[in-house]
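Each protein sequence line maps, in turn, to chains A and B. Each position in the first sequence, counted from 1, maps to that position plus 2 in this note's numbering. Each position in the second sequence, counted from 1, maps to that position plus 2 in this note's numbering. Here the structure comes first, spelled out in structure tokens, and everything after it is commentary.
Protein chains: 2
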Amino acid sequence: MTEQVLRELREAIIEGRIPQGEPLREVSLAGTLGTGRSAVREAIRQLVQEGLVDYEPHRGAMVRVMSVADRLDVYIAREAIETGAARRILAGPAPDLTHLRAALERLGQTACDHDRITDSVIDADIAFHEELVRLAGSPRLTRAHETLAAETRMLLRHHPAYPWASYVTDHAQLLDALERRDPATPELVAAHLRLSADLIAGELAADRKETARVN
Amino acid sequence: MTEQVLRELREAIIEGRIPQGEPLREVSLAGTLGTGRSAVREAIRQLVQEGLVDYEPHRGAMVRVMSVADRLDVYIAREAIETGAARRILAGPAPDLTHLRAALERLGQTACDHDRITDSVIDADIAFHEELVRLAGSPRLTRAHETLAAETRMLLRHHPAYPWASYVTDHAQLLDALERRDPATPELVAAHLRLSADLIAGELAADRKETARVN
DNA sequence: ATTCGTATGGTTGTCGACAGTCCACGGGAG
DNA sequence: CTCCCGTGGACTGTCGACAACCATACGAAT
Chain A
3 MTEQVLRELR EAIIEGRIPQ GEPLREVSLA GTLGTGRSAV REAIRQLVQE
53 GLVDYEPHRG AMVRVMSVAD RLDVYIAREA IETGAARRIL AGPAPDLTHL
103 RAALERLGQT ACDHDRITDS VIDADIAFHE ELVRLAGSPR LTRAHETLAA
153 ETRMLLRHHP AYPWASYVTD HAQLLDALER RDPATPELVA AHLRLSADLI
203 AGELAADRKE TARVN
Chain B
3 MTEQVLRELR EAIIEGRIPQ GEPLREVSLA GTLGTGRSAV REAIRQLVQE
53 GLVDYEPHRG AMVRVMSVAD RLDVYIAREA IETGAARRIL AGPAPDLTHL
103 RAALERLGQT ACDHDRITDS VIDADIAFHE ELVRLAGSPR LTRAHETLAA
153 ETRMLLRHHP AYPWASYVTD HAQLLDALER RDPATPELVA AHLRLSADLI
203 AGELAADRKE TARVN
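Written out as structure tokens, the structure reads:
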């Protein structure tokens, strides 16, 4: 039942139904969700680990306010982890790419059905990248990447600016590079992630400009 | 008070006072540590995040049995994170290396005082690498690295086979490369970590040989 | 008017108790 | 003798209650 509370809260935060900066009161949430305080407490702890919630002792938890720097940081961390995974894949024997192909297939299918980034496209995207990291065969890298999944989902949902024309083909190129065991695969992964990061960085510059004009 | 329980349990597991595979009963530990079940529960959750404890719903927690593959994996994950951090440092402006120099100083001092790897040397080692990652300015990378600290400490304590002659100089080379902003710094970091990993891999080979002979 | 001290409401930290679940042991049938 | 089923014990999952703590609002003194 704590799992149910966790999913409920996570979804509510990602969808923005609970706004950023909103404090999460344990008793209140317990009453709303029809459960006890323990379950809410556990769920909040997990959400803290996932980076969706800030927490201070004796102060309580609040939905994290994601600054532009934070959003960039998600991609910085993902770049380190995913390129490391790619390097690891190339270092070892050729892995079974069946699941990755299937993930790409689902990504192409959902992207074809909808002509913009929807939740199903986001799910397929994240599934693709998680499978990529999983192929490195490192439980700890996979774990580290999974903790970033919630934030990634949040970013993709509120910041869906990726060049739609090359959205699927870029992922296909990653798979292709992996199939050919191209030594440049890590750089390709980095470039793919940096594309999203640069779009956010542009937003950061716009913010700077905006605040500068105000001041 | 949950923090106290956490430190107590973590230290006991790292030192091996609680053997691997030992189940962690909440009531029992609560009685032993003179606290309630909640504190023990919270501490166990954190230890699960740190990879020291395995957990299954309705089954309880047990001290994780670290296979050789697991020990290797710690270094695989660290290599991805730390090389990513090094790349990030080189990509940005030159950071303030004061703290890193101080960490190296402490490392050299403790290594000079003791002629083998002791707990204080381990602390200095981990502090050095954590500062290295911190310099990348990525909270998420730092966080991911911190979750590996406990396992790293455990490994260094039970597997202190690093070429002692180059132990300090290798770290000094890392700092030097960072000061010179050497583009090869990430490879240097990777080599440093792979040295430890290879020693463990040798142990893995020995294990394989041993089991093969038994069979 | 400002600042310090105090009080008060609300929230988290912690605890013990009850219910649900899993596992191991034991008994009976084949 | 082996296998299946039932039962008991122990442990975790969950809950509500009490205590500790923090923050804010209010009042008084300077």
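In this text, a Cβ means the ideal position worked out from N, Cα and C, and glycines have one as well.
A residue is called buried once 16 or more other Cβ atoms fall within 10 Å of its Cβ, and P21(A), having fewer, is exposed.
In this structure, A104(A) keeps its C-beta atom at 8 Å or more from the C-beta atom of V191(A).
For V76(A), the residues of chain B that pass the 8 Å Cβ criterion are R142, in the order they occur in the chain. The secondary-structure analysis by DSSP pairs V55(A) across a beta bridge with V65(A). P188(A) counts as buried, since at least 16 other C-beta atoms from the protein chains shown sit within 10 angstroms of its C-beta. Contacts with chain B at 8 Å (Cβ-Cβ) include I83(A).
From the beta-carbon of Q22(B), no residue of chain A is found nearer than 7 Å; the closest lies around 17 Å away.
Around A151(B), no beta-carbon contact reaches into chain A at under 8 Å, the shortest distance being about 12 Å.
Looking at the backbone, the Cα of L176(B) and that of L99(B) are separated by about 12 Å. The CB of G18(B) never comes closer than 9 Å to any CB in chain A; the least such distance is about 21 Å. C-alpha of E181(A) to C-alpha of E5(A): approximately 37 Å in a straight line. Listed as beta-bridge partners of P25(A) by DSSP are M64(A). For the stretch 35 to 55 of chain A, the residues whose beta carbon sits under 9 Å from a beta carbon of chain B are, in order, S40, R43, E44, R47, Q48, Q51 and G53. By the beta-carbon neighbour count (other beta carbons within 10 angstroms, threshold 16), R9(B) is exposed.
Residue contact check for A167(A) against chain B: no CB pair falls below 8 Å. Residue-level contact check: G204(B) does not touch chain A, since none of the beta carbons of chain A fall below 8 Å from its beta carbon. Using a 10 angstroms sphere on the CB of M156(A), the tally of other CB atoms reaches 16 or more, which defines it as buried. If you draw a straight line from the Cα of A71(A) to the Cα of L158(A), it is about 15 Å long.
Taking C-beta atoms as the reference points, E52(A) and A146(A) fail to come closer than 8 Å.
H116(B) is classed as exposed because its beta carbon has fewer than 16 other beta carbons within 10 Å across all chains shown. Counting of Cβ neighbours within 10 angstroms places G94(B) among the exposed residues, the total staying below 16. Using beta-carbon distances, A79(A) counts as an interface residue toward chain B, with a partner under 8 Å.
In this model, R210(B) and H161(B) are separated by some 18 Å (Cα to Cα). Annotation: Cβ neighbours of R90(B) in chain A (cutoff 7 Å, chain order): I78.
In the three-state reduction of the DSSP assignment, M3(A) falls in the coil class. In terms of beta-carbon proximity, G86(B) lines the interface with chain A, with at least one pair separated by less than 8 Å. A146(A) belongs to the set of residues whose beta carbon lies under 8 Å from a beta carbon in chain B. Inter-residue distance for P59(B) and V135(A) is about 26 Å (C-alpha atoms, whole angstroms). If you look at D115(B), you'll find it in the alpha helix (DSSP H) that goes T100 to D115. Linking V29(B) to G36(B) through their CA atoms gives a straight-line distance of about 10 Å.
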